[in-house]
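Residue numbers (the working numbering): 6 to 101.
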């Protein structure tokens, strides 16, 4: 059991987590370009709800940079709950 932070189930925990997570998301937004849309519309670079995150990108380098930034903030990605889907028109990307 930890003596650090708020107790599990405390109503303040999700608020503090969201504030902390926002700092990591801001860094990701400033270091990575926005995804492009061939439909002429802006698309979000991420969708977040509480501790669930979806990142939208078009290459593996962006995924690696996102993971690196989250680790920098000591935010752990549960690989057993993680999926990567690459959106690209390049045939070479599909072969990886």
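From the three backbone atoms N, C-alpha and C, an ideal C-beta is built for every residue, glycine too.
Counting the other Cβ atoms within 10 Å of the Cβ of residue 52 gives fewer than 16, which makes it exposed.
Taking C-beta atoms as the reference points, residue 32 and residue 74 count as a pair closer than 7 Å. Take residue 19, set aside five residues on each side of it, and the residues of its chain with a beta-carbon closer than 7 Å to its own are 55, in chain order. Counting along the chain, residue 53 sits inside the beta strand (DSSP E) bounded by residues 51-54. Counting the other Cβ atoms within 10 Å of the Cβ of residue 30 gives 16 or more, which makes it buried. In this structure, 66 is the residue among 22, 66, 14 and 57 with its C-alpha nearest to the C-alpha of residue 37. Residue 68 is positioned such that its CB atom lies no closer than 7 Å to that of residue 50. At a Cβ-Cβ threshold of 7 Å, residue 11 and residue 17 count as neighbours.
Residue 15 and residue 70 have their C-alpha atoms some 32 Å from each other.
Of the candidates 64, 76, 25 and 58, 58 places its Cα closest to the Cα of residue 86.
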